[in-house]
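The sequence shown runs 1 to 458 under the UniProt record's numbering. A virtual CB, placed ideally from N, CA and C, is assigned to each residue, including glycine.
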Amino acid sequence: MIKEDLLKMKVMGNRTLLTPSYAVNCPNRLMVFDADTLEPVEASWTYSGESNSTTSTTFLDNNPNKELIVSSAGYQSVTVRSLNISNCAYYGNISGVPTNAMFVVKDNNTISKWGPSASQYPFPDENNYDISNLYTGVKAMSALRRDNTIFAWGDPFVGGMLKPSDLERNDVRDIRMEFGMGMLLGKNIPTVSQWGSYGTGSNDVPDNIASLENITKILTNGTTQVALTDTGTIYTWGVSTVMVLPDEIAALNDIKDVCINSASALALRENGQVVAWGKAYDGGVLPERVSALSDIHTIISTPISFVALREDKTLMFWGQYCWQSSAAETLTNIEYVKSTDDSIHIAIDSSGAIYLWNDYGDLIPAPPISDVVSLTSSYGSFAALKKDGSVIVWGTGQGADISEVSDLLSDILAIYPTYDGFIALKEDKTLIAWGNSSYQEDNASIPVEVQGNVTYQY
């Protein structure tokens, strides 16, 4: 079969790191469809440079910093660009006040920026080349180049200035930006480095951790850092006195995932059990109904709570305001869960119907829609992307008003949050923005050179 005879696939869903926030383990869901029939395609998902793959119609994107190769028999393979729109400043504002700054990596691997706070900390134009990914903090940002070098800008006290030794690195695999600090994961020793004076950013990484060559994941909430290794062990360091890793958890060697919130952490074991530590009030002590389980499939953190998705597609939810079984735990057939940073939690079932609940576990009314690929939130507003490329919005924020762009919202592949609105990326590589015009979140504010120059998949 020649390539021209192969069918075409369409991948949908945004690739964005939710930083800086405590909900650092809420991977976005991607889905793949036949481009003509919109029927789901069973495909193989493989991160560039890796050998392990996942076969499914959906994919949890734990590493949006990497290009993603999607292939299926009879179809043209596609590659989904890494962080194709890099943190459109819901938490990407770098001003420290409620204004907005948006940064996009274009197809020529340079950055375009706009928004009222985009120039508060000037971007070093001489460094604007060969950009792969952007990582957004508060008052500071960093960027990873395709040659695995990095640079940072913004307030030097909170992550805008790298350590001199990190300026020379060309082995960087991943970056995390949090409140007051930045942290990187590299291939060479020291494999972990951090910078910034606020919180623990200026503290050195312990030698026994910086010398590890098998770290697969790094996390931070600004006061505690966590590293997960490929042998199933975890390490922590930082200044928090309530998140010191207990000896019995440090001794485990079967941890396959870990997430943290403001003052506690949750780890998922290979046997489907979870263990927790930290502040009990925020979920660091497990309710008995959770500690008794051995069928947990996925864990995510929210700022003050945790969500566990079981193999039977039901949920467990607990934390600062919810310790007893709640209405959220009555939901069934759930395929995907995530949380927002304004205390709303989201579930999508196998039909693409959506469910919302609050920090107390009480269900919140949601539109009776189906075929939802992803749901994005922004300051009281929600935008649901359906598999036909259409968008449904609702809520109390200005992002719920699409009157200025309704005729343009078709053939959408992904939706990203801004401070008080949204940006949608279309199949023709153009962006559509709506929301608070005071924060330059309207369509007219998008720089001309961006339009038609932001590829989602190729």
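Measure the alpha-carbon distance for residue i versus residue j and round it to whole angstroms.
i	j	result
residue 411	residue 46	25 Å
residue 23	residue 373	In this predicted model, residue 23 has a pLDDT of only 46, less than 50, meaning its place in the structure is not dependable; the value taken from the coordinates is given anyway. Taking the straight line joining both Cα atoms gives about 20 Å.
residue 197	residue 408	45 Å
residue 316	residue 405	38 Å
residue 155	residue 179	12 Å
residue 220	residue 300	14 Å
residue 325	residue 288	11 Å
residue 322	residue 291	16 Å
residue 450	residue 126	19 Å
residue 446	residue 285	46 Å
residue 90	residue 42	Only weak support exists for where residue 90 lies, its pLDDT of 41 falling under 50; the value from the coordinates is given anyway. Each residue's Cα considered, the two are about 33 Å apart.
residue 134	residue 101	13 Å
residue 293	residue 273	6 Å
residue 388	residue 396	25 Å
residue 357	residue 365	8 Å
residue 458	residue 320	44 Å
residue 9	residue 426	15 Å
residue 429	residue 84	10 Å
residue 72	residue 442	38 Å
residue 106	residue 175	20 Å
residue 195	residue 181	6 Å
residue 367	residue 119	39 Å
residue 298	residue 186	26 Å
residue 371	residue 349	9 Å
residue 312	residue 337	14 Å
residue 69	residue 57	13 Å
residue 96	residue 439	Because residue 96 carries a pLDDT of 49, less than 50, the predicted location of this residue cannot be relied on, and the following value inherits that uncertainty. Cα to Cα, the separation comes out at about 14 Å.
residue 34	residue 77	12 Å
Confirm, please, whether the CB-CB distance from residue j to residue i is below 8 Å.
i	j	result
residue 115	residue 140	no
residue 234	residue 226	yes
residue 375	residue 346	yes
residue 53	residue 66	no
residue 314	residue 335	no
residue 381	residue 399	yes
residue 61	residue 30	yes
residue 255	residue 282	no
residue 296	residue 275	no
residue 355	residue 331	yes
residue 213	residue 189	yes
residue 142	residue 152	yes
Does any heavy atom of the ligand GDP sit closer than 7 Å to the C-beta of residue i?
i	result
residue 267	Because no ligand of any kind appears in the structure shown, any question about the ligand GDP cannot be addressed here.
What does DSSP give as the partner residues of residue i in its beta bridges?
i	result
residue 442	None; residue 442 has no bridge partner.
residue 322	319
residue 241	BP columns for residue 241 are empty, so no partner.
residue 386	372
residue 345	339 and 357
residue 40	33
residue 123	Answer by DSSP bridge pairing: none, since residue 123 is not bridged.
residue 257	268
residue 61	28
residue 278	264
residue 435	421
residue 145	131
residue 225	220 and 237
residue 174	185
residue 179	None; residue 179 has no bridge partner.
residue 152	142
residue 10	33
residue 112	104
Can you tell me which of the options puts its alpha carbon nearest to the alpha carbon of residue i?
i	options	result
residue 244	212, 271, 253 and 277	277
residue 15	206, 444 and 423	423
residue 456	414, 108 and 165	414
residue 108	80, 283 and 129	129
residue 379	127, 32 and 401	401
residue 59	137, 44, 134 and 51	44
residue 437	420, 253, 264 and 177	420
residue 121	132, 146 and 157	157
residue 270	371, 252 and 263	252
residue 239	231, 206 and 258	206
residue 55	64, 49, 40 and 362	40
Please state the DSSP three-state secondary structure of residue i.
i	result
residue 157	helix
residue 262	coil
residue 251	coil
residue 448	helix
residue 290	helix
residue 71	strand
residue 455	coil
residue 197	coil
residue 398	helix
residue 85	coil
residue 327	helix
residue 366	coil
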